[in-house]
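To start, the structure itself, in structure tokens.
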Amino acid sequence: MNKKNITTLLLLITINLNLVAQNSSLFIGGIAHLGNGEKISNSVISVVDGKFDIVADLSKIRIDPEAFDTIYKIYGKHIYPSFIVPNTTLGITEIGQVKATHDFDETGKINPNIRSIIAYNPQSKIVETVITNGVLLAQVTPNGGLISGQSSVMYLNGWNWEDAVCREDDGIHLQWPSSYYNTGWWAEQGDTKKNKTYKKTIKEIHRLFEKALAYSNESNVMDLKMESMKGLYKGTKTLYVHANYASDITDAIDVCNLYKIKKIVLVGAEDALKVSDKIKENNISIILNRIHRLPKNEDENIYAPFSQAKKLSELGILYCLSYEGDMEAMGARNLPFTAGTTVAYGLDYELAVQSISLNAAKILGVDNKIGSIEINKEATFFISDGDALDIRSNNVTHIFIKGNSISTDNHQKRLFNKYRKNK
Amino acid sequence: MRIYITIIFLLITILTNAQKTFPIDGVEETFKPVYALTNATIFTSHNTVIKNGVLLIYDNIIIDVDSNLEIPQGAVIYDLKGDYIYPGFIDLFSDYGIAKSEIKKNTSPENKDAYHWNYAIHPEFTAAKEFESNSENAKNYLNIGFTSVLTHHQDGIFRGTGSLVNLTNKLGNENIILNQVATFYSFNKGSSNQRYPTSRMGSIALIRQTLLDAEWYNNNNRKTNVAFDAFNKNKSLPKIFDVKTVLNYSRLYNISDEFEIDFIAKGSGEEFLSINEIKETKFPLIVPINFPKTYDVTNPDDAQEISLSNLKKWETAPYNLKILNDNNINFCITASDLSEKKDFIKNIRLAVKKGLPQEIALKSLTTNPAKLIGVENIIGSLEKNKLANFIVCSSNIFEDGIIYESWSSGERHIVNEKIKKDIRGYYTLNSDEYKDYLVQITGSKSKPKVKINQIDSSGFITKIDQNKIIISNTNKFRSSSKIYENSIIGKYQDENGDYHNFVMNFDSNFVNKKEKFSQNIDTITPSIWSPNKSYGLIEKPIEEKIVFRNATIWTNSTLGIIENSDVAIYKGKILAVGKSLRIKDVFKSDTTGIKIIDAKEKHIASGIIDEHSHIAISAGVNESSQAVTAEVSIADVINPFDHNIYRQLAGGVTSSQLLHGSANPIGGQSALIKLRWGATAEEMKIKDSDGFIKFALGENVKQSNWRGTRFPQTRMGVEQVFYDAFYRAKNYKKEWNKFNNLSSRKKRVTTPPREDLELNILSEILDNKRFITCHSYVESEINMLMHVADSMGFQVNTFTHILEGYKVADKLYEHGAGGSTFSDWWAYKFEVNDAIPYNATLLNNAKVVTAINSDDAEMGRRLNQEAAKAVKYGGSSEEDAWKMVTLNPAKLLHLDDRMGSIEVGKDADIVVWSDNPLSIYAKAEKTFIDGRCYFDIDSKNEIELRDKRERNRIVSKLSKSKDKNKIKVKRKEKEKHYHCDTLDHE
């Protein structure tokens with residue numbers, strides 16, 4: 000064989016390896032945060048056909064590297080399961096002040112039938128800046144009205160929404176009325192008053208649920224709204240109740256129980272600790288309001304938003320973190336750091352990781368396939384040079400969704416690379 | 000404090016029979032008897048009392064008052080045995096008889112008449128011109144003891160003059176005692192529908208400019224302006240300013256100081272919140288007694304929503320007058336601001352109960368107001384030849400006295416009928432139906448309770464009116480009867496509708512436990528914190544002498560980050576930095592009271608400086624009305640009560656630039672403050688600092704994201720606004736230079752240019768005495784402003800936000816501008832599409848002085864984390880990143896000679912961090928400003944416990960309160976957070 004032929008052969012082999020690289024890869028030496036509260040400091044992890052095949056302590060098992068198509072030596076680097084941002088408009092909005100880019104707030108009060116999934120744009124410039132901080136999935140959620148519509152759990156990658164779906168129409172979002180509201184003209188501090196329409200709105204919710212319950216038992220016509228709510232009674236859809244005040248949370252749980260709604264999740268729940276018994280009793284989980292927020296009023300403990308997670312964790316209440324609020328979509332990339340803050344205020348590190356991975360997956364009903372680095376789960380995870388919950392060390396070098404390596408480039412990096420060079 | 004020129008007037012014209020210019024329809028009643036009020040206890044003034052005195056009145060005048068007076072023949076005598084007479088109360092703050100009409104309803108932006116251009120300025124308004132007597136409203140005052148009021152039109156900033164009026168049924172012209180008595184002012188533009196001013200700082204600037212203009216107009220009168228004419232004419236009258244909130248006192252004081260004008264301040268009733276500051280103003284006050292209503296705390300959830308500051312206000316407000324008096328502040332009391340005027344007497348008694356001396360209470364309702372407006376020769380005390388304005392009460396009005404009569408200008412108004420006879424006792428009832436039934440009459444003299452158990456054990460309804468009494472139950476016995484010496488005789492209707500005569504014969508007196516009025520004065524004033532809310536301070540932190548040992552010190556100096564090192568602070572400054580400092584070497588002989596803090600494993604760094612903040616600002620961050628508002632200043636509206644100050648101290652922030660918003664190309668001036676929690680607005684300001692001003696570009700100033708029509712609406716227009724403003728400023732400077740260069744002889748005969756506050760500030764920019772922080776996003780506009788600056792001969796000090804700064808970093812460096820940016824915000828507007836988190840690093844790499852700012856109350860308390868984003872995005876070194884929130888903002892604010900690093904001689908503004916301050920896991924544990932500890936994580940828990948105890952204490956007091964008019968609505972104040980974009984909609 001002459002030299003030229005050898006080169007050709009090697010080339011062929013390389014190409015072949017590249018083609019099969021997706022089938023099996025091995026990650027050696029990483030600090031693995033499994034997302035289930037466990038950590039393996041010197042790990043070995045394999046991915047075969049898009050799923051985790053081996054998750055182990057490198058010192059405890061013997062691996063034949065030859066058996067893998069690709070080997071990643073990541074000594075000292077960190078591996079995390081995908082972080083998941085729930086309750087977000089990410090992908091259905093692009094620019095805050097440009098209405099044409101807003102696809103999250105449908106007109107009308109009762110919209111259980113509208114679906115965020117079909118407006119989701121995985122090509123969003125914002126989405127690609129979120130994935131690069133380790134947040135690989137989002138519960139894309141509409142807001143507004145009394146019933147805002149249905150969310151879907153989406154991968155933050157794909158050519159179109161159909162490719163990007165993780166769980167379609169996972170639940171319906173109910174914006175529970177607030178017992179108290181703020182008044183006063185805009186530039187001067189106003190008073191908080193009791194919401195006088197609260198009772199009226201609660202009655203409206205009763206009427207809606209009793210009607211939907213009746214429809215789910217028997218119906219002879221097609222009613223889009225009622226049809227979309229059927230899943231709430233069968234347990235195939237979650238009712239996400241957005242409520243913050245203690246008395247509202249209690250009312251919401253009672254109403255949902257009355258109408259036999261199978262699965263409810265509280266969203267926001269700033270006062271959760273005040274009604275923790277009720278929440279535990281009913282085995283309800285919580286999507287917490289953004290950790291990086293101000294205390295709800297001048298009297299609240301200045302650390303309250305930071306320390307709530309630790310207290311919920313001690314009470315054994317299942318919760319995950321969200322980034323609801325101002326700049327919700329673009330700020331979703333800061334979700335890992337909000338988990339870092341909960342560590343600063345007392346929470347165990349691995350539990351903080353869990354609160355944005357496995358906990359979120361459980362709450363959104365996708366923990367059967369993602370949320371943690373466990374054998375047979377989807378290999379949707381990332382590698383960071385340093386601690387991903389700390390801003391100064393979060394540096395995501397590799398992203399995998401279902402075992403596929405995903406680009407870590409984005410719009411902002413491209414501008415950076417262009418302008419860092421001299422003219 | 001200048002002494003008001005007492006208005007000398009001809010007593011004769013006022014106090015003799017009013018001249019009748021109005022025709023009389025019918026026959027004139029010319030006869031007026033002399034009235035003699037005898038046997039009363041007469042308070043002729045707050046500190047002189049005549050027992051068993053006589054008060055003689057003819058027409059509207061007191062003809063004499065004394066203990067032994069001969070009563071003229073034919074006088075009408077009222078025997079007031081046991082009663083008290085006081086001088087009638089005077090209210091200096093009233094709108095009695097003035098219709099609430101709007102001054103102007105012109106929609107055009109320009110005023111085309113000979114008045115002031117701004118509709119909120121109408122000094123020409125004269126209350127007397129609009130005044131109409133209104134007997135219904137007069138009654139509201141007479142019923143609570145007021146017999147004359149100073150009334151004015153409560154609208155606008157310069158409100159015109161007020162008139163002193165009586166409260167009789169007579170015509171308006173007969174009620175006006177004096178036409179123009181005082182001039183009135185406020186910070187509120189009122190019904191003016193012009194855009195300017197939209198903010199409190201705008202009102203302040205407008206007041207200052209108007210005062211300058213009035214002076215200029217006075218000296219160089221060329222054209223006629225009705226407003227300035229009136230203002231100048233009435234200049235010597237007392238000036239009453241409605242300050243509305245306690246924070247406005249110091250704002251008014253600054254105006255008073257600048258223009259050497261004395262004011263009388265009409266307060267808010269919450270003076271106790273800033274008592275020392277108010278005392279220093281030396282303003283006489285007019286104070287309302289509108290105590291907060293009792294909160295309903297029966298629902299614990301609702302109670303939890305009442306802020307501690309409101310709970311404390313509720314508890315302390317009744318002590319306000321006592322506190323004013325304890326501080327020797329001269330004040331009057333007004334019935335203004337009460338939602339129900341009838342609460343007045345109740346509240347004044349409550350104030351007395353809380354320690355306001357009765358004598359002072361009376362003084363502040365009579366002599367004080369009379370003196371303040373220079374009418375003590377007519378009213379305010381009961382003396383010969385003064386107006387017959389007084390009240391008659393059953394006993395001491397500050398204890399349990401009932402007002403029987405109020406006399407205004409000799410006209411008698413009955414408030415409560417005097418019940419002469421006490422009918423209480425045991426009676427025997429006889430009628431054709433009932434024989435010898437026992438009747439028991441108890442209750443009070445004016446509200447007797449009747450019980451006839453044999454008829455109806457549940458009691459009877461009674462109504463007593465002079466000598467007539469109604470005694471009824473539901474159906475068996477409904478009577479009307481008359482009271483005689485020893486019996487009550489009348490008839491009743493039974494359940495069949497038949498009438499029966501009856502007689503009740505008096506048997507014996509009711510042996511009642513005489514309710515003696517007891518005055519329990521509360522001697523303990525509730526503790527007042529600074530500010531008076533959660534986390535407020537009881538005492539100002541002391542200046543400490545400390546050595547921190549074994550810390551990792553982020554020096555920001557050439558030493559870099561040094562480990563295992565010490566810092567010493569002393570007299571508010573950094574005394575030494577280094578390894579193993581020796582106390583004697585460092586503190587020399589002054590070694591007593593040194594605290595040594597082991598800071599092993601801790602990090603010590605200089606305090607965070609937020610270059611762009613909008614916390615601690617009251618009543619508007621934007622004067623959004625005009626494209627150029629350089630005349631307004633945030634320094635005028637600092638709000639030291641904002642709890643975000645404490646929250647940010649807990650985030651390691653020690654200084655902030657409070658910026659005007661970004662609604663207009665040239666906004667207002669900034670305030671540089673240290674976060675001295677618990678201090679006053681003035682104390683928070685950083686002394687001897689350079690002046691800064693906010694400029695803005697892009698979508699906000701061109702009003703892209705809300706409806707607006709004013710120029711400019713494009714970036715093209717924005718450029719022209721700048722050129723226009725600076726050419727105007729140049730001309731202005733030229734004019735002044737020309738004038739200033741004249742010989743003093745020529746100066747005297749030459750009209751000086753008009754002083755313009757806006758152009759003063761723009762001139763300062765041209766003179767390199769004021770420095771710009773410009774809100775900016777895209778490269779085109781940044782480039783544009785640098786071109787404007789270069790061609791007009793000034794420099795842009797800082798571009799703030801500057802999210803596309805990385806595209807023009809070389810130009811910024813060349814121009815000498817710094818950049819203060821967001822760490823990672825983007826995508827919130829179209830113009831921030833190319834904002835990248837690498838910006839800070841790229842700017843820093845291009846040698847541009849780069850800071851990271853918050854522009855947000857929440858982010859402001861995590862700026863250490865935001866700095867870490869410069870490490871993450873672009874790979875700045877940790878030291879460089881840290882400087883972006885400390886030394887670099889200090890440089891941008893020209894404060895780096897005293898802040899921003901840990902170097903000997905600099906201010907001891909330092910923070911002890913639990914960890915590397917850039918780490919997400921780091922907490923600020925101690926925050927020092929000027930060597931005083933304003934935040935300490937160790938005492939935080941104690942403070943929270945204290946707050947909780949305070950809340951529980953007041954709530955339990957509330958739950959025991961018997962006040963029936965509890966308010967159910969909670970009054971927790973909404974958190975208000977400003978960003979640049981915050982527009983005010985007043």
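Chains E and L, in that order, give the protein sequences. Take 0 as the starting number for the first sequence in numbering that gives the first Met the number 0 and just add one per residue. Take 0 as the starting number for the second sequence in numbering that gives the first Met the number 0 and just add one per residue. Where a beta carbon is used, it is the ideal one built from N, C-alpha and C, also for glycine.
In chain order, which continuous runs of the beta strand (DSSP E) of length 3 or greater are located wholly inside the region 107-182 of chain L?
-> 145-150 and 157-165
Identity of the residue in L:260, L:786 and L:73 nearest residue 32 of chain L by Cα | L:73
Is the CB of residue 272 of chain L under 8 Å away from at least one CB in chain E?
-> no
When burial is assigned at 16 or more other CB atoms within 10 Å of the CB, is residue 339 of chain E buried or exposed?
-> buried
Could you name the residues of the region 89-111 of chain E whose beta carbon sits closer than 8 Å to any beta carbon of chain L, in the order they occur along the chain?
-> 93, 94, 95, 96 and 97
Residues bridged to residue 410 of chain L [DSSP beta-bridge criterion] = L:407
Run of the alpha helix (DSSP H) containing residue 250 of chain E, from where it starts to where it stops | 245-257
Rounded separation between residue 488 of chain L and residue 445 of chain L - CA only | 19 Å
Determine, using beta carbons only, whether residue 849 of chain L and residue 839 of chain L come nearer to each other than 8 Å.
-> yes
Residues near residue 394 of chain E in its chain [Cβ-Cβ closer than 7 Å; skip 5 each side] | 383, 384 and 385
Chain-ordered chain E contacts of residue 149 of chain L [CB-CB under 8 Å] = None at all; the shortest Cβ gap to chain E is about 28 Å.
Given a threshold of 16 other Cβ atoms within 10 Å of its Cβ, counted over all protein chains shown, does residue 106 of chain L qualify as buried or as exposed?
-> Confidence is the limiting factor: at residue 106 of chain L the pLDDT is only 43, short of 50, which leaves the residue's position unreliable and the question unanswerable from this model.
When DSSP labels each residue in this structure, what does residue 37 of chain L get in the three-state scheme?
-> strand
Enumerate in chain order the residues of its own chain whose CB-to-CB distance from residue 619 of chain L is below 8 Å, with the five nearest sequence positions on each side excluded.
-> 197, 198, 199, 200, 201, 636, 983 and 985
Going along chain E, which residues have a C-beta under 8 Å from residue 833 of chain L?
-> 414
Decide if residue 25 of chain L is buried, meaning its Cβ has at least 16 other Cβ atoms within 10 Å, or exposed.
-> exposed
Mind listing, in chain order, the continuous beta strand (DSSP E) runs of no fewer than 3 residues lying wholly within the region 770-858 of chain L?
-> 797-800, 817-820 and 849-851
Compare the C-alpha of residue 144 of chain L against each of L:404, L:78, L:176 and L:861 and name the closest.
-> L:404
Among residues of its own chain, excluding the 5 on either side of residue 739 of chain L, which ones have a beta-carbon nearer than 6 Å to its beta-carbon?
-> none
Beta carbon of residue 643 of chain L, beta carbon of residue 408 of chain L: below 8 Å?
-> no
So residue 284 of chain E is in the beta strand (DSSP E); what residue range does that whole segment cover?
-> 284-287
Where does residue 137 of chain E sit, in a helix, a strand or coil, going by DSSP?
-> strand
Could you check which residue in E:266, E:290, E:162 and E:160 has the C-alpha nearest to that of residue 176 of chain E?
-> E:266
Beta-carbon proximity list for residue 124 of chain L, same chain, < 6 Å, skipping 5 on both sides | 152 and 159
Assuming residue 248 of chain L contacts residue 280 of chain L under a Cβ cut-off of 8 Å, what Cβ separation, rounded to an integer in Å, is found between them?
-> 6 Å
Which listed residue (E:292, E:396, E:159 and E:74) has its alpha carbon closest to that of residue 857 of chain L = E:292
Per-residue DSSP class, three states only, for residue 72 of chain L | coil
Chain-order list of residues whose beta-carbon lies under 6 Å from that of residue 806 of chain L (same chain, five-residue window excluded) = 778
Residue nearest to residue 415 of chain L in terms of C-alpha spacing, selected from L:142, L:698 and L:728 | L:142
Could you give the C-beta distance for residue 141 of chain E and residue 116 of chain E, rounded to a whole number, given that I count them as a contact under 8 Å?
-> Actually they do not touch by this definition, with Cβ atoms about 10 Å apart.
Can you have a look at residue 205 of chain E and say buried or exposed, based on whether 16 or more other CB atoms are within 10 angstroms of its CB?
-> exposed
Taking residue 899 of chain L and residue 555 of chain L to be in contact with their CB atoms under 8 Å, please state how far apart those CB atoms are, rounded to whole angstroms.
-> 6 Å
Give a yes or no on whether the C-beta atoms belonging to residue 685 of chain L and residue 672 of chain L are separated by under 8 Å.
-> yes
Which residue or residues does DSSP assign as beta-bridge partners of residue 1006 of chain L?
-> Nothing can be reported for residue 1006 of chain L: it is not among the residues displayed for chain L, which extend from 0 to 985.
Going by alpha carbons, who is nearest to residue 929 of chain L out of L:776, L:799 and L:654?
-> L:654
Rounded separation between residue 246 of chain E and residue 256 of chain E - CA only | 16 Å
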